Structure formats: C-alpha cells, structure tokens
Amino acid sequence: MINAIMIGAGNRGIGAYGSYVIEHKDDLMFTGVADPDLERRNYFQTQHNIANDRVFLSAEELFKHPKLADAVFICTQDRQHIAHVLKAMDLGYHVFLEKPMAVDPKDILKIEEKAKATKTILVVAHVLRYSPFFNTIKQVLNEGHLGQIMVINHEENVGYYHQAHSYVRGNWRNSSIASPMILAKSCHDMDILSYLLDDTPKRLSSFGMRSHFRRETMDGVPGHCLDGCPHQETCLYYAPKVYLNAGDWMKFPVSNDLSDDAILKALAKGPYGRCVYRSDNDVVDHQVVSIEFNQGTTVNFSMSAFSDKITRHIHIMGTLGELWGDMNDDHLTIKPFGKPAFKVSIPEGKGGHGGGDHGAVKRFVKACSHEIDVTHDLDIAVQGHLLAFAAEASRVSGKTVDYQQYVEDLK
Ligand SMILES: NC(=O)c1ccc[n+]([C@@H]2O[C@H](COP(=O)([O-])OP(=O)(O)OC[C@H]3O[C@@H](n4cnc5c(N)ncnc54)[C@H](O)[C@@H]3O)[C@@H](O)[C@H]2O)c1
C-alpha cells in the first residue's frame, strides 16, 4: 500500500487519479491534498477522508514540511510542473507527474537529472502508453508478426468540440500561458511512437497552423456567445448549447457547480463562453510531423482538430505484414503477407483514456512497491517530450531538425 498526496485536485487530480483509489483501495491511499481552490480541496478531502492537518492551501505550503507521504501526484497546470517536481524530488517523494513534464526543453533534462540524483521514482502520466490499446500493439510488434517496422502512419483526431473547449477557449489555448499544441496534446503521440519503436529519431520536419479558429473566419460576432450572437441557431460552437449538453469533463473546468444555472452564469462572461473566433488562442488546429528514426523507420504523424470523434488511428507497415487500429474499437486488424487477415482483441480498460489513466497509476504503484523498474519509462518520456519540442522548432523555423544535434544544443 502506497500513500500519496494530491497536488492540484482539479479535473485530472479528482477525475483521473482520485477515481483510481475508489476501485483499488488496497494499492493506493491519498493521505493529503494541496490546492488553493477551497471547493476542490474540500471535495478531495471528503472523498478520501483526509485528516485536517494534511490539507494544504498550495504545493508551496505542503513543501514547507518534511516528507509526509511516500509519493505526490503533481496535477497542477503545465507551467507549474517544473518547480513542483524538482522540489518534491528534493524532499524525497516519489512522483507521478502530469504531462507535459515542463514547457522548456532544458527543464526536461533537469528533471531527468534530478530523478537520477535523488533516486526517486518518477512516472510521467503518458497514459496512452499504459492503455490496453497501445500495450496490445506493442505486444504484436514484440511477437514479430509484422517483421521489421518500415512505416507508421499515426493520426490524432482531437475532435472539433474538444479542440474548441481545450485549445481555443480553455487552459491550453495559448502557448504563452500553457505550451504549443504539439507538446500540450501530442507529446502523448511522440511518446507512443518512441515506445512502439524503441528507437531514437534521426531527423524530422513539421508543418502546422491555426487555420479555422481565428478572427478572420467570422465577421460581425460578439466576444461572448450570450451577448446576442446572430449565429446561435447554426454555430457548432454556441457555448450554451455545447456546455448544457456536455459531459462532466467539459463542464467541470467551466464551473465547480455543474447545475445548468451555474454553467450559464459562468458562460456569460467567462472564458468558456467566448466566441471561438474571438478568443486569444494561438495554438495550431492542425499539424503534421514526419520523422526518420535511426533504424530506418519513417513516421507520418498528423494531428487534426477537424474530426467528429476523439480517437487515434494507427497503421503500421512491416516487412512481413500490416496492422490497423482505431483506439475507439475493441480490436486490431493484422494482415500477414500471404496469409489471411486476423483480429486481435483489445482487453477492456477501466477509467479514462481507454484504461490508460488507471494503467499509469497502477504502474506507478508497482514501481513504488519495488515490483518493477520504470527507469526506461522515463527515458521514453524524455525522448517523447524532446521530440515534441524539436517538432515545434521545425514548424516555427521551417527547417528540418537533426534530433541528436537538437538535444546536444540543449546541454
Ligand atoms: N495525461 C493526460 O492525458 C492529461 C489530460 C488532460 C490534462 N493533463 C494535464 O494535467 C494537468 C492538470 O490539468 P487539469 O485539467 O486537471 O487542470 P485543472 O486546472 O482542472 O487542475 C489544476 C489544479 O491545480 C490547482 N492549483 C493551482 N495552483 C496550485 C498550487 N500552487 N498548488 C497546488 N495546486 C494548485 C488548481 O486550483 C486546480 O484545481 C495539466 O498539466 C494538463 O496539461 C494531462
């Protein structure tokens, strides 16, 4: 049994990881919480029956004390991670760290060094890597069904309403207050590709832009939907229609109180009620990355806001066969050359991200219990993050990036 303190009892802290404990009471126990938001802090305290002297107004308040638990879960916002993770490791906590690890590539290397120096266990919440879907693909590759992997075409379908919610109106809309889209969203994909291939990138190029969610797309509209928008009947993004019909994961960032009245009040003047063509967003709504890996595999990755469903598609081509997968399906399709195609079932995963949220926590708990070694998990996470930063450098500069040189230049 591991005991841990939740730092940042927000959407992820409560929804993705607090919920793990409810189903795995013998593995993990939250014995503390730190969050400046009174309602969230109280909610988490009550849900996990936390003693009053283990409730803190912030991570900074918690860190004034010596180590109070085996581990911390760092679920604060992107730009806060670096200070929180370095301090936690200095105090001797094992750390479950939300992605992105940090928003500056040099800080990724600092975190890696600190984990080594303090010998703390650090698992990054690359939840997809711990999902049954990607674990099954990895197993198929390990069993050699496809031979040597030559090409991967990997697609991230963000979903038009998800893009508008998180990357136009929400916390990750602007790279100066969060991080570029390739880091905020697609660092998962850079991680997955690194995990599946277990190889280092040689060079890469990226293109992408913000084409639709911009002022020029729509004339004559108010800043907030509720200020008499003339397109309220037809607009896909009319906020009252979107949020009154949304799931809790979309309502919760709008208002802690999920009632219709509270949501409408928050939309009137708040960020989630903004017109999607009048926000202060600057992150891309579509981006591609082409990567050549050292063992010769070429990869095409494409992220798009413009999809109906939130899912990922992957097509892997090897010397002996092909594999197709859609993360929303319950199976993979494999076609060995010269033999009939067959399907491989994906085990059902509980919790968000197709079982990945709980899968990642399970792996962290096992590592803290010394059942498994997760050193290589961190190597992959570091590579995935640096790959995302390198892709952004290519997108912005318009140049092909030599990955090894890019990493050397950070040192
Ligand atoms: N792994 C994934 O797939 C995934 C998915 C979504 C978000 N995320 C990441 O998870 C992190 C949290 O996202 P979220 O949606 O839960 O955000 P959120 O805003 O809902 O939660 C963050 C919480 O941190 C609290 N906080 C702010 N300052 C603090 C401080 N100094 N000390 C302690 N707590 C503090 C806030 O009050 C809030 O409750 C982000 O970095 C985000 O990018 C990861």
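Be aware that the sequence shown starts at 4, since it is given in the working numbering, and climbs by one per residue. Where is the CB? At the ideal position from N, CA and C, for every residue including glycine. All values derive from a computational prediction rather than experimental measurement.
{"query": "C-beta contact flag for glutamine 166 and alanine 265 at 8 Å", "result": "no"}
{"query": "Heavy atom of ligand 1 within 7 Å of serine 262 beta-carbon", "result": "no"}
{"query": "8 Å Cβ shell around leucine 207 - same chain, five flanking residues per side excluded", "result": "Val292, Ser293, Ile294, Glu295, Leu390, Ala393, Ala394, Ser397, Thr403, Val404, Tyr406"}
{"query": "Coil, strand or helix - threonine 79 by DSSP", "result": "coil"}
{"query": "Inter-stretch contact at 8 Å, needing at least 3 Cβ pairs: the stretch 95-113 / the stretch 31-47", "result": "no"}
{"query": "Runs of alpha helix (DSSP H) lying entirely within the stretch 313-396, each at least 4 residues, in chain order", "result": "359-371"}
{"query": "Helix, strand or coil at serine 179 [DSSP, three-state]", "result": "coil"}
{"query": "Residues sharing a beta bridge with isoleucine 10, DSSP", "result": "Ala37, Ile77"}
{"query": "DSSP state of glutamate 26 mapped onto helix, strand, coil", "result": "helix"}
{"query": "Simplified DSSP state of histidine 68, which is helix, strand or coil", "result": "coil"}
{"query": "Opening and closing residue of the alpha helix (DSSP H) in which threonine 121 lies", "result": "108-121"}
{"query": "Sheet register partners of phenylalanine 304 (DSSP bridge)", "result": "His157, Val292"}
{"query": "Within 8 Å, strictly: CB atoms of isoleucine 5 and aspartate 56", "result": "no"}
{"query": "Supposed contact pair aspartate 288 and phenylalanine 216 - C-beta distance, whole angstroms, cut 8 Å", "result": "6 Å"}
{"query": "Cβ pair valine 130, histidine 356 closer than 8 Å", "result": "yes"}
{"query": "Nonlocal neighbours in the same chain, by C-beta distance under 6 Å from proline 135, ignoring five residues either side", "result": "Ile349, Pro350, Gly352, Gly358"}
{"query": "Valine 154 classed as buried or exposed, judged by whether at least 16 other C-beta atoms fall within 10 angstroms", "result": "exposed"}
{"query": "Simplified DSSP assignment, three categories, for methionine 32", "result": "strand"}
{"query": "Residues near tyrosine 133 by beta carbon distance below 6 Å, same chain, minus five either side", "result": "Gly359, Gly362, Ala363, Arg366"}
{"query": "Distance CB(lysine 205)-CB(asparagine 303) smaller than 8 Å", "result": "no"}
{"query": "Residue ranges of each alpha helix (DSSP H) within the stretch 180-211, 4 or longer", "result": "184-187, 190-200"}
{"query": "Beta-carbon separation (whole angstroms), alanine 435 vs methionine 92, contact threshold 8 Å", "result": "The question about residue 435 has no answer, for the chain in this structure spans 4 to 414."}
{"query": "Aspartate 283 versus phenylalanine 340: straight-line alpha-carbon distance, rounded", "result": "50 Å"}
{"query": "Integer-rounded CB distance, given that leucine 89 should sit under 8 Å from lysine 113", "result": "7 Å"}
{"query": "Neighbour-count burial assignment, valine 143, 16 or more Cβ in a 10 Å radius", "result": "buried"}
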